[in-house]
Amino acid sequence: MKFDVVLIGSGLAGLTCGIRLAEAGKSCAIVSAGESALYFSSGSMDLLARLPDGRQVTQPLAAIPELMQQAPMHPYSRMGEKRFASLTDRAEQLLRESGLTMTGSALQNHYRITPIGRRRMTWLSPARVPTYALEHPLPWQRVLVIGIEGFLDFQPKMVTSALQQQGTKAQSQEIYLPFLDKLRDNPSEFRSVNIARWLDLPENLPRLAEEINRLSKGYDAIILPACLGLASDKVIEDLQIWIGKPIYVLPTLPPSLLGMRVDQALRARFHQLGGIVMTGDAVRRMEIAQDRITGIYTRNHGDIPLRASQVVLATGSFLNNGLKTVFDRIYEPLLDLDLLETPAREQWTRQNVFAPQPYLKFGVKTDEYLRPLKEGKAIENLYAAGAVLGGFDPLFEGCGAGVSLLSALYVAEQIIAQRRVEKSMLPGQAETGEVKQ
Ligand SMILES: Cc1cc2nc3c(=O)[nH]c(=O)nc-3n(C[C@H](O)[C@H](O)[C@H](O)COP(=O)(O)OP(=O)(O)OC[C@H]3O[C@@H](n4cnc5c(N)ncnc54)[C@H](O)[C@@H]3O)c2cc1C
């Protein structure tokens with residue numbers, strides 16, 4: 001099987017890169033071993049909330065020159081200030097075109113309320129997540145946080161206590177909905193996604209609305225766990241009409257419905273553009289000849305290689321085996337690529353769990369085009385995007401989704417631009433647009 005581009009991994013990076021390439025007319029296949037970090041994610045996208053020296057960043061675009069000074073190997077530093085700005089615009093557009101309604105801007109971060117009621121700075125948030133502008137108080141006077149009896153993946157009391165500390169008169173309540181008893185019998189079934197399958201049914205909406213109405217007199221906003229709106233926000237909009245007050249949702253413990261919505265929307269967009277996802281397959285090894293990937297071997301295709309002019313490594317970090325570790329060694333499992341930031345074993349972690357953890361910066365080393373290095377040399381037709389990259393700390397710097405989105409788009413641009421260069425170098429083939437093998 002032959003494609004213009006084979007992408008390895010269907011997380012935020014693989015899907016974003018695939019969409020951009022498919023938009024540009026490339027035939028793309030994504031090999032996907034399993035679920036991505038999106039299933040654990042808040043659904044909000046961080047761009048840059050802190051510099052490596054700990055200084056807070058409120059305006060990500062304005063902070064890039066300083067980041068480039070402090071962390072020249074950070075993926076954003078490799079892109080440069082201008083490219084960073086254009087790629088954030090492109091990322092926002094791509095999310096919009098994929099049907100995702102997000103609030104926020106790269107010019108100015110905002111606060112979102114976290115699953116435990118604290119505030120955290122971010123770039124883009126799903127429309128129904130409670131957010132507010134920096135340097136403003138919480139915009140609600142009296143908030144009711146409603147949990148679901150027996151549902152342990154969301155703790156309303158923790159949320160209210162944190163909201164009270166931020167100056168809001170927040171209270172919590174739990175609702176009991178008999179139609180959920182079928183799930184309640186088995187705690188491992190009583191999860192956000194399964195609950196949403198019931199709450200999203202139109203016949204259950206009146207009962208849910210009735211319960212919320214009964215409890216919500218005197219409150220000016222309602223916060224629910226993100227256990228409804230599996231396919232879209234329509235059900236929340238309908239509920240809001242019944243209640244007559246703003247309704248917000250907070251992410252729960254995984255599976256996170258808000259993250260899954262991002263996954264579903266991007267996948268649908270990729271398919272719509274003609275992309276193929278080989279779900280449940282895994283790349284086992286790759287063949288290299290003369291510094292190029294010449295064959296990609298997967299679990300399901302055995303000894304029949306996938307062939308592609310360009311390959312994108314978007315396998316994520318430790319969570320999804322994009323990076324692996326044994327006691328004293330970290331390695332990239334497919335090609336044993338060169339890694340950035342790999343100090344001695346005793347320096348991988350810090351004892352204070354709240355301190356920045358060095359291992360979070362480990363990842364693949366690349367050239368300025370984000371082509372991974374192996375023994376110091378770039379593999380010509382291989383690019384890396386997303387959490388597999390080294391040189392940044394997604395948690396401390398608050399830049400996880402931003403790095404995935406922007407590096408994916410940056411890589412797609414390299415691949416698209418390369419085709420133009422090769423076309424212009426081969427006048428006889430300019431009409432066909434074939435990429436030189
Ligand atoms: C638990 C968790 C929560 C997070 N929450 C947030 C958040 O709320 N906001 C935020 O901004 N950032 C968050 N992040 C940061 C996160 O890293 C990025 O946001 C982003 O989702 C990572 O995307 P990715 O595509 O690079 O990697 P991943 O999402 O890890 O995807 C990698 C994909 O590659 C596949 N894969 C791996 N090896 C192979 C193989 N050999 N063959 C085929 N497929 C393979 C995996 O199955 C997976 O589908 C979170 C990270 C984690 C770990």
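The opening position of the sequence shown corresponds to residue 1 in UniProt numbering, with each subsequent residue numbered one higher.
For each residue, glycine too, the CB sits at the ideal point set by N, CA and C.
Taking a contact to mean a Cβ-Cβ separation below 8 Å, would you say Leu-250 touches Ile-113 in this structure? yes
Ignoring anything shorter than 3 residues or poking outside the region 219-256, list the beta strand (DSSP E) runs there in chain order. 221-225 and 247-250
Quick check: the region 330-350 against the region 405-421, are there 3 or more CB pairs under 8 Å? Segments in contact, no.
In DSSP terms, what Ala-29 is bridged to: Partner(s): Val-6 and Ile-276.
When you measure from the CB of Ser-36 to every non-hydrogen atom of ligand 1, does any distance come out below 7 Å? yes
Measuring alpha carbon to alpha carbon, tell me which of Trp-140, Arg-83 and Leu-95 ends up nearest Tyr-219. Trp-140
According to DSSP, Met-1 sits in a beta bridge with which residue or residues? Paired residue(s): none; Met-1 is not in a bridge.
For Met-45, is the beta carbon positioned less than 7 Å from some heavy atom of ligand 1? yes
Own chain partners of Gly-316 with C-beta closer than 7 Å, once the 5 adjacent residues on each side are dropped: Gly-9, Gly-11, Ser-36, Ala-37, Gly-322, Gly-386, Ala-387 and Val-388
Proximal residues to Gly-275 (C-beta, below 6 Å), its chain only, five neighbours per side dropped: Gly-18, Ala-22 and Cys-28
Let me confirm a value: Phe-354 is counted as buried when at least 16 other C-beta atoms fall within 10 Å, else exposed. Which label applies? exposed
Beta-carbon contacts of Asp-46 that lie in its chain and below 7 Å, excluding the five residues immediately before and after: Thr-122, Trp-123, Gly-398, Cys-399, Gly-400, Ala-401 and Gly-402
For Leu-313: DSSP bridge partner residues: Ile-8 and Ala-384
If Ser-125 sits next to Ser-44, beta carbons under 8 Å apart, how far is it from one beta carbon to the other, in whole angstroms? Yes, they are in contact, since the Cβ atoms of Ser-125 and Ser-44 sit about 4 Å apart, within 8 Å.
Closer than 6 Å by C-beta to residue 441: which residues in its own chain qualify, once you throw out the five before and the five after it? Chain order, please. Outside the shown range of the chain (1 to 437) lies residue 441, about which nothing can therefore be said.
Which value, in whole angstroms, describes the spacing of the CA atoms of Glu-332 and Pro-246? 47 Å
Leu-67 versus Gly-54 - alpha carbon distance: For the pair Leu-67 and Gly-54, the Cα-to-Cα distance works out to about 11 Å.
DSSP three-state label for Met-45, please. strand
Thinking C-alpha only, which one of Phe-3, Gly-14, Lys-2 and Asp-4 is nearest Ala-408? Gly-14
Counting along the chain, where does the beta strand (DSSP E) carrying Gln-173 start and finish? 169-175
Should Leu-273 and Leu-228 be called a contact, given that it needs their Cβ atoms to be closer than 8 Å? Not in contact: Leu-273 and Leu-228 (Cβ atoms no closer than 8 Å).
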